[in-house]
Every structure is written in structure tokens, then in C-alpha cells.
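For reference, the structure discussed in these notes is given below.
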Amino acid sequence: MSLPERQTDIGPPHYEKFLPPIVKKNYGKWAYHEVLTPGTMVHVAEGGDKLYTVRVGSPRILSTDTIREICDLAEKYCDGYLRFTTRNNVEFLLSDQKKVDPLLAELKAKKYSVGGIGPRISNIVHTQGWVHCHSACTDASGLVKAIMDELHDYFTTKALPNKVRLAVACCVNMCGAVHCSDIAVVAIHRKVPVIDDVNVGKMCEIPTTVASCPTSAIRPNPKTKSITINEEKCMYCGNCFTVCPPIEIHNPEQDGVAIVVGGKVGSLRTNPKFSKLAIPYIPNEPPRWPSTVAAIKNILDVYAANAKKHERVGEWIERVGWEDFFKLTGIPFTFQHIDDFTFMRDTMRNSAAFKY
Amino acid sequence: MGGKYKTPMLDELEKGPWPSFVTEIKKAAKRTQMADDELGQVEKSYVTKRGYWKHGGIVGVLGYGGGVIGRYSSLPDEFPGIAHFHTVRLNQPSGFFYTAEALRMIMDIWDKYGSGLTNMHGSTGDLVLLGTTTENLEPLFAEYSSRGWDLGGSGSAMRTPSCCVGQARCEWACIDTMNICNEVTQYYQDQLHRPSFPYKFKIKVAGCACDCVAAIARADLSIIGTWKDNIRIDQAEVKKYADAGMNIQAEIIDMCPTDCMSYDGKTMKINDVQCNRCMHCIAKMTKALKQGKVKGATLLVGSKAPIVVGSLLSWVVVPFIELKAPFDNLKDLADKMIEWWDDNAKPRERIGELIEVKGMRPFLEAIEMPPVPQQVREPRKDPFFFWSESDFN
Amino acid sequence: MEQTEIQEKIFAYMQQMKGKKKLKEKDIIKKIMEDTSQDKDTVKKALRAMIDVGKVMYSYGGGSSSVEIPSEEYLKEKGLI
Ligand code: HEM
Ligand code: HEM
Ligand code: HEM
Ligand code: HEM
Ligand code: SF4
Ligand code: SF4
Ligand code: SF4
Ligand code: SF4
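Structure, rendered in C-alpha cells:
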């Protein structure tokens, strides 16, 4: 088998090759856009050209078969052009309005989920989970599927006060931008890893293992040719397991997920915000995580019922106060909610004015 | 092929209206043993509630240190098809635009060498190909690179830059995000493929403060479009919004964070010197309000996820910079930032963390930026500050 | 100094440090610059040439990248020996 000659450092192909002619013509000359339905919008150029976008959800993990099917649709309706969004949606780009309805009809027949535009939820950004990552304390894809099934109407039809951005990270590394989402799930370990001294001695480089711990909880143990962990310093991050698998961090009965809320990245109205802890722990319940799904639905419903139009989750909570958030959602407040880490001094209440 | 495993747990996740990743894995499992064994192992994880992956070590294509992530099942005897299941990051085109023809070519090659599974896209932005073996890496790279597709970054390197759709389809893009992203990616090819930094360095480009790529939350250098002069108001269009039922007082005027707008039922006014360019009014009344014409970007640095001492959001270092192709001023500033970081950082220290340790002053001096009030929310509260010799002249 | 001579020094240093410390590209360049008083670019070029042919390779672990001597098993998988 002869292979073509490899090339290096050529970088990605230039994006211009992939732009539909209408985009090339009106590049930088768009005047405004209108959201037509939860899954369609039109961008109008200064000269009057109209570009229609149809957005569909995707599970992010796609087989080559499905991608080919999407390509077929793009060829049939969009002269072969399509794009993906940062939240892993697929967007069909049409310059011919007459083709929009037939495309929607075919998407419906093929059971695609069309939506995600405007004041609703969009696709959930998420990480690899059990499908593909050694660190995972839960499965991101399964959680996303279960949550999106439950909230499907908020993707395809129902409106909310503003966009709600959801995310799932399957360990505290938070490969997605979970720390700035309206509502996010982050999976956590809760127990100090268990050390298999014999295998640590055989399989691991001790200096590397010691260096892997971000809180310096690990010390070499010359007697056992292994290591010891200072339980008071360990924050269950799992880095040591990553470099030295005989330090077992997984604990299936104690691992689970936390829910954080109120983050955003845009600067609209209020500054970008981190998400803050709402629920410190819910056990893993594969395959469909019913308690986690119900908790998210509850927070979303309370937000929808109480926020003003255009308020994001975090803006609503800041207006009413966190004491009201816990009251309205019925979520219990625990020791875990009080910051005892880097940001404690910024999070305590230095005032005698508050609500009940 | 396929159907080697019973998967009652995963089958539950084929129910419901949202597209199912299980269905996707099953489709690929009909054709590849890799995807079928993947299905089997994931089912096992659902039963035992834990993962079975190992990773890391030397894996890649000759000459590169980035773009391939080693991945191995920790149960290779039980699931031999995924004893190797490496990830390949293909550098996406700016803005995630494709043609069906190009995507089909990518899929054809992937079916020849891999599991048939992908992530469209990874959180960094790359087109992620999930699952191949060490032997297949060189042929796969030859096939892709000869057709114009290169690998993205991983490890302690420049990571694949990414951007929002920008001027290709958004009226709010103050800068040409896709061009900037492409230029920067090409400029840093060596640093992208050959990890020589203390840690990762990420660049993301958003066209306006809506920040559709979350640049402010997940890039060491966040580039966000903005403008300097007055918002342009089309009063006739304002009236149309009012006539269409928008409560302009409640939805726009009262929600302006700087209290700089007014509307008397006929004319909208903005006291532009007070406006902080948050984008709220423009985003809600896109036909009536347009950004000014003096456009450029704000450069911010430092964001990262919470590991180890807590999250950081990027903060302002350059309030306004004009960005015109080929963006030499941006490349020059980025070079200075990276050089300072590379010279001073400990291994695994992100640039934001280094600035926290060393202070803003040495950083600003290194990139030759003066201190300005736009960089801070408020000045310091304590009187414990330092002086250097240069302050006494 | 000939490039091959620099490369021999690089390889010897890497063998000596194997299992003791994960060497980053920068660590190697620094050490060899000291030992040979060659400039940075020359050493870097010599190292990169070794990486290009797979004499040594980039590796990943512990959250950061390093340069290592590949195992025979890996070289076989890659079809290099
Ligand atoms: C009326 C207001 C807004 C409109 C019309 C709008 C429009 C859009 C559009 C067209 C996209 C797709 C971008 C792409 O093609 O990559 C997008 C994505 C995104 N927007 Fe906005 N945006 C608005 C407000 C916001 C706000 C307020 C935020 C956050 C504070 C935000 C965050 C995002 C994010 C994170 C994405 C990536 C999501 C995706 O691709 O679906 N947007 N937005
Ligand atoms: C101890 C720390 C971390 C470890 C061990 C780790 C490990 C990993 C691994 C193994 C993957 C590859 C998953 C795969 O495709 O197989 C990955 C992907 C990724 N990581 Fe991390 N990670 C860490 C921290 C972080 C942090 C702090 C961030 C964010 C700033 C981050 C962002 C990402 C992103 C964006 C990806 C691509 C993931 C995707 O597209 O799903 N990681 N990480
Ligand atoms: C070197 C720095 C400082 C010196 C020399 C200093 C000195 C003083 C003195 C002499 C008093 C009056 C004490 C008394 O009458 O009993 C005082 C009170 C106080 N200082 Fe400071 N201070 C310093 C820094 C700060 C800082 C950084 C803060 C807060 C951020 C602060 C907050 C206060 C407060 C809240 C009081 C009480 C005021 C009151 O009773 O009305 N001080 N300080
Ligand atoms: C202890 C051993 C560790 C291992 C084996 C490890 C492994 C990995 C791997 C395989 C990835 C994804 C591959 C890549 O993109 O390079 C990754 C990504 C990442 N790791 Fe680690 N990691 C470790 C420790 C850490 C630590 C201590 C931190 C933070 C202090 C960290 C932060 C990250 C981040 C931020 C990413 C993001 C990747 C992205 O943004 O694309 N890792 N790590
Ligand atoms: S969040 Fe954690 S478990 Fe999930 S992909 Fe990232 S590193 Fe892996
Ligand atoms: S889990 Fe994390 S904090 Fe705990 S010992 Fe291991 S590396 Fe250190
Ligand atoms: S960041 Fe701004 S310019 Fe870019 S797509 Fe989003 S709204 Fe448009
Ligand atoms: S951009 Fe923001 S601050 Fe400026 S006028 Fe509009 S709402 Fe007010």
C-alpha cells in the first residue's frame, strides 16, 4: 500500500474554502438578524441578501454514518455547506428561503431535534466521561442525554427569561467551561485514594507521583517503597491516580455529582460570573440519573417562574439574594456551601443586612 | 460485526427525543470491532459505576508532540479492540465551516484507520477522532496532511486556537475573528505541534462581549471585540420595536447597567461617555442600535479552570487595540506575553497564575503596557505596596 | 562542534536521567548549552533532528510534556525497527 507524502506544519485549511458564496459576498456586511422560530434564524445583509440558518442538536459523539447523512442533507438543501457551533450544534446554511421548509420537514421525519436559538437552552457542552477518559467520576454523555430528554421542550419550543447555558464535566478538571455556566453538573470524588503499596513500588516513579499532587499531600514512604497521603490536605483531584494507577481514586459508591449555578461568560448587563455551588452531592444513578435530572429541572422551573425577562440565572439570583435562592428551590444549605478555600474572604457576608 | 455485547443499561439511553450517543456508537459498532468493544466497556462502566481507561506516554506522529492523545483500556483482555484507543485532534477550520465534500473525505479516511467515532468538536475546538491504534497513526497523518489537514495541539504547547463565527454571519463582530484565528494558528504552528512551553497556552477570539466562544473563561489570551465611539441609533427602528410590543423602558432602559439610556416614547438617547459597551441594548434591538464605527478588540489574559487554587476569569491588559490583517501588532504582543511566561513560569503554571505570583507590574513592563484604570475593577485597598528605583526618577 | 557530537551528548544525558526526572525540551537544551557552550538554536536544531527521526520522542504525562527515549516495543509498533 503506498501512502501519499506527509506534510508538516501546514495548519488547518483556510476557512474561505468552506464559506457559502452568500457568506463570502456579505462577509462583515451583515445588518441584522431575526430569530424566526426556536430552530431557525435569518441574517440580513446591508445589501438585502438573506441567509437562513437551521440549527439542530447533536450528541457530539457522532458516527461517520451520521456525519455522512448530515452531508447528504447539506448537499440537498444548502449546496453542500454546513457548520458546527461552539456548543456542538449542527447548522445548515441556506440562501434559498424556499428550501427551508422542505429541510425542516425532512429533519422532522428523520427525528432530528431542531431548536436552541433565542431565550432557551442550547446543547449541553460536556466532556468525555466513561466513554473515553481515565479521570471520569461519571458519564458525561449519559447525563447529557438524560437531561436533554427531560428539558427537550426548552430546546425545541418553550421560551425562558433568557438563554440558559448548561454544561457537564465528568471530573473536577472541568474540561468544558463549566465554571461559568447557568447550570452545570460537575462530577466529584469524595474519598482519599486507596494506595496499593506493592504495585506503587513496582509500577510508579515515586518523584513524579509526589510531584503530581497539587496540594503537596503526597510524601515518599521509603519503608514500603511507596507513598503516603496526608488525608487533611487531599482534595480528591485524582492527579496521583493519573500518573500512578495503583493509587486508586475511584470509589463507585461514593463518587457522584455536584450542581453549580449562576455563571455566565457574556458581559451583557452584568460582568461575567463564576458558577456557585447549589447542591454538593448526588449519587451516580446510571443509566438515567433521575435525581440529578429532577434537581436541574427544579432549578430551571424556579428560575423560569421568578426571573425577570432577560435576566440570566446568575443575575436573577443576585437580585433576589442567595438566601432566597435556597428558600425558593428548597435546596438545603450545608457546610460544603461555605467556601473554605482561596475565595473565602470574598464570599462571607460583611453586613448585617439580609433576608429570611 | 457488532452485537457482541448485551447492553441493557445503555439501551435505556436510546429512548427519548434527544439524539443518542449510544445509537451513534452502535452504528459504528456494526462496522468496527473497536466501536463494539467500546460499547461493551461503557456498558460495564454503567454497571460498576467507574471508568476503565489509562492514558499518556509516548504516542504521536514522528516529529510532533501534539495532536494525538494516548488512550488505552485498562481491561485489554476483556476488550481487545480498544487495547489502543488513541484520540487524534484534527485542527478545525476557523468558525467550524465545512463542505460536505471535505467532511466526507475526512470520514472516509477515518473509517479506514479508526473506530468510526468522532467528537464534533472537542471543547478546545479540534475535530476529534476517537479511537485508533499506534500503527495507524503515521498512515493516517500522511493521508490527512497530504490533503491539507493538519493536527491540532495538545500537551504543554500552544493549543488549537478557536473563535466565534464572527463577520461570516454576525452583525456584532467588531473584529474579523475567523481571520485572526487562522492567522494566529498558522503563526504558531511550531509551538502548536512541539510542546516546549511550561504548560498549555490557549487563545480564543470572540467578536463582541456576548463572547460566544467563552473566551473570557477558558483562554490564556482572550481577544474580545469592542468599539470606542458612539452607538448609532435608528429612531425609526426604535419605534418599530415599541410598536411591536417591546417594553423599552423595562427591557432596555432599566436594564442598562450604567443607567445611561433614556426613552421618552419618541426618542431614544444614550449618554455614550457613560456607556460601558456591555452589548445588552444592541443585542436586544439589533435593527435599531449599532455599535460605533471605531472598532477593535480588548485583550484579556489569565483564565483557567479551577484546578488547582481556584478558577480565574481573564482580566483586561490592553483595553483597546485595532486589529487589521495580518495582525502583526497582536502577534507581537502575544509573543511578548509568551516569552515572559516561558522565561518565568514553573512547570504546569498557567500565565494567569504566574501573574498572580509575580504581580501585574513585571508582566505589564514585559509587554510594554502602561497601567490604566480599565485594567482593574477598583484600586488596591491596602497600603502595602512596592516601589522600584524607576519610580523615583 | 558537529551536530552528531551534540546529539550524542543529548542522548547520553537523557539515558542518565531516565527514570529519575522527566525532561522537558527546555531542560535538555539548557543542560547541553552549559556542557558544550553551543548556542540555543544549535542545540535545539540538533534535538529537533533527533525528534524528527524518532531517536527520541515527545511524551505526555503528569499534566505536562517531556522528551523521552522510546521503548523498543513502541518503535516496533511504529514500524521504525
Ligand atoms: C440576543 C442575544 C444573542 C444572540 C442573538 C446570540 C446569537 C448567537 C449565535 C448566532 C450563536 C451561534 C454562534 C456560532 O455560530 O458559533 C451564539 C452562540 C453562543 N452565544 Fe450567543 N447570542 C446572544 C446572546 C448571548 C449571550 C447573552 C450570551 C452569554 C452571556 C451568549 C453566549 C453564547 C454562547 C456561549 C454561544 C455558543 C453557543 C452555541 O454555539 O450555541 N450569547 N449566540
Ligand atoms: C489534572 C488535570 C487534568 C487532566 C488529568 C485532564 C485530562 C484530560 C484528558 C485525559 C483529556 C482527553 C479526553 C479524551 O479525549 O480522551 C482531556 C481533555 C480536555 N481537557 Fe482536561 N484534564 C485536566 C484538566 C483540565 C482543565 C483544568 C481544563 C480546562 C481548563 C481541561 C480542559 C480540557 C479540554 C478542553 C479537553 C478536550 C475535552 C473535550 O473536547 O471533551 N482539562 N483532559
Ligand atoms: C499600615 C496600615 C494601617 C495602619 C497604620 C492603620 C492604622 C489604624 C489606626 C491607628 C486605627 C485607629 C485605631 C484605634 O483608634 O483604635 C485604625 C483603625 C481602623 N483601620 Fe487601620 N490601619 C492600617 C491599614 C488598614 C487597612 C488596610 C484597613 C482595611 C482594609 C484598615 C481598617 C481599619 C478599620 C476598619 C479601623 C477601625 C476604624 C474605626 O474604628 O472607625 N486599616 N487603623
Ligand atoms: C498528574 C498527571 C496529569 C496527567 C496524566 C494529565 C493528563 C492530561 C491529558 C491527557 C490531557 C488532555 C490531553 C491534552 O490536551 O494535553 C490533559 C489536559 C489538561 N490538563 Fe492534565 N494531566 C495531569 C495533571 C494536570 C494538572 C495537575 C493540571 C492542573 C494543574 C492539569 C490541567 C490540565 C488542563 C487544564 C488540561 C486541558 C487541556 C485542554 O484545555 O485542552 N493536568 N491532562
Ligand atoms: S472533565 Fe475530567 S474526566 Fe472529563 S474529560 Fe476532562 S479530564 Fe476527563
Ligand atoms: S487525589 Fe489529588 S490531592 Fe489527593 S493525593 Fe492525589 S493528587 Fe493529591
Ligand atoms: S461573540 Fe459576538 S460577534 Fe461573535 S458570534 Fe457571538 S455575538 Fe457574534
Ligand atoms: S451597551 Fe450596555 S451600557 Fe451601553 S448603552 Fe447599551 S445597555 Fe447601556
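So the protein lines, in turn, are chains A, B and C. Heads up: the first sequence begins at 63 in this note's numbering, then just goes up one per residue. Heads up: the second sequence begins at 311 in this note's numbering, then just goes up one per residue. Heads up: the third sequence begins at 752 in this note's numbering, then just goes up one per residue. All C-beta atoms in this analysis are idealised placements derived from N, C-alpha and C, irrespective of residue type, glycine included.
Residue i beta carbon near ligand 7 (any heavy atom closer than 7 Å)
i, result
"A:Val116", "no"
"B:Trp482", "yes"
"B:Cys591", "no"
"A:Cys306", "no"
"B:Cys522", "yes"
For residue j and residue i, the rounded distance between their alpha carbons
i, j, result
"B:Phe507", "B:Ala467", "5 Å"
"A:Pro307", "B:Met415", "38 Å"
"B:Glu659", "B:Gly463", "18 Å"
"A:Val176", "A:Ala167", "11 Å"
"A:Ser157", "A:Leu81", "12 Å"
"A:Lys91", "B:Asp638", "24 Å"
"A:Lys225", "A:Arg149", "13 Å"
"B:Gly612", "B:Thr317", "44 Å"
"A:Leu330", "A:Phe416", "26 Å"
"B:Lys641", "A:His76", "19 Å"
"B:Pro327", "A:Lys173", "8 Å"
"A:Asn188", "B:Phe694", "One detail in the question is off: residue 188 of chain A reads as His in this sequence, not Asn. Each residue's Cα considered, the two are about 43 Å apart."
"B:Leu286", "B:Ala676", "Summary: the structure shown does not reach residue 286 of chain B, with chain B confined to residues 311 through 703, and so no result is reported for it."
"B:Ala635", "A:Gly392", "54 Å"
"B:Glu324", "A:Asp244", "27 Å"
"B:Asn429", "B:Leu439", "6 Å"
"B:Cys480", "B:Met556", "23 Å"
"B:Pro449", "A:Leu65", "7 Å"
Proximity test, residue i beta-carbon vs ligand 6 heavy atom, cut-off 7 Å
i, result
"A:Ala273", "no"
"A:Ala198", "no"
"A:Ile311", "yes"
"A:Gly300", "yes"
"A:Met265", "no"
Contact test: residue i Cβ vs ligand 8 heavy atom, cutoff 7 Å
i, result
"B:Pro567", "yes"
"B:Cys474", "no"
"B:Met578", "no"
"A:Lys407", "The amino acid at residue 407 of chain A is misidentified as Lys; the sequence shows Arg. Answer for A:Arg407: no, Cβ out of range of ligand 8."
Which of helix, strand or coil DSSP assigns to residue i
i, result
"A:Phe395", "coil"
"A:Cys233", "coil"
"A:Tyr139", "helix"
"B:Cys473", "strand"
"A:Ala246", "strand"
"A:Leu362", "helix"
"B:Trp625", "strand"
"C:Lys775", "coil"
"C:Glu785", "helix"
"A:Val206", "helix"
"B:Gly612", "coil"
"A:Ala167", "helix"
"B:Gly555", "coil"
"B:Gly377", "coil"
Assumed close pair residue i, residue j - CB separation to whole angstroms, cut-off 8 Å
i, j, result
"B:Gly377", "B:His503", "7 Å"
"B:Ala452", "A:Arg68", "4 Å"
Next on the checklist: Quick test of the definition: if touching needs 3 or more C-beta pairs under 8 Å, does the region 177-197 of chain A touch the region 119-139 of chain A?
Outcome noted: For the pair of segments examined, the region 177-197 of chain A was found to touch the region 119-139 of chain A: the number of CB pairs separated by less than 8 Å reaches three.
Checklist entry - So, do the region 479-488 of chain B and the region 384-401 of chain B have three or more beta carbon pairs nearer to each other than 8 Å? => result Output reads no: the region 384-401 of chain B does not touch the region 479-488 of chain B.
Item to check | Touching by the beta-carbon criterion (3+ pairs, under 8 Å), the region 813-829 of chain C and the region 366-386 of chain B | outcome: By the criterion of at least three beta-carbon pairs nearer than 8 Å, the region 813-829 of chain C is in contact with the region 366-386 of chain B.
Checklist entry - Counting Cβ pairs, one atom from each stretch, are 3 or more of them under 8 Å apart for the region 525-540 of chain B and the region 412-426 of chain B? => result For the pair of segments examined, the region 525-540 of chain B was found not to touch the region 412-426 of chain B: the number of CB pairs separated by less than 8 Å stays below three.
Item to check | Touching by the beta-carbon criterion (3+ pairs, under 8 Å), the region 208-216 of chain A and the region 325-342 of chain A | outcome: Flag = no, the region 208-216 of chain A and the region 325-342 of chain A do not touch.
Checklist entry - Contact between the region 360-370 of chain A and the region 264-273 of chain A: three or more CB pairs below 8 Å? => result Segments in contact, no.
Next on the checklist: Can you confirm whether the region 796-808 of chain C touches the region 755-765 of chain C when touching is taken to mean that 3 or more C-beta pairs between the two stretches lie within less than 8 Å?
Outcome noted: Touching, per the Cβ criterion.
Next on the checklist: Taking contact to mean 3 or more Cβ pairs, one atom from each stretch, closer than 8 Å, check whether the region 506-525 of chain B and the region 470-479 of chain B are in contact.
Outcome noted: Judged by Cβ distances under 8 Å, the region 506-525 of chain B makes contact with the region 470-479 of chain B, as three or more pairs qualify.
Checklist entry - Using 8 Å as the Cβ pair cut-off and three pairs as the minimum, do the region 624-637 of chain B and the region 595-612 of chain B touch? => result At 8 Å Cβ cutoff, the stretches touch.
Item to check | Touching by the beta-carbon criterion (3+ pairs, under 8 Å), the region 791-798 of chain C and the region 405-414 of chain B | outcome: The region 791-798 of chain C is not in contact with the region 405-414 of chain B.
Checklist entry - Does the region 246-257 of chain A come within contact of the region 284-291 of chain A, defined as at least 3 CB pairs closer than 8 Å? => result Yes, the region 246-257 of chain A is in contact with the region 284-291 of chain A.
Next on the checklist: Across the region 344-358 of chain A and the region 349-366 of chain B, are there enough close Cβ pairs to call them in contact, namely three or more that are closer than 8 Å?
Outcome noted: With the cut-off at 8 Å, the region 344-358 of chain A and the region 349-366 of chain B touch.
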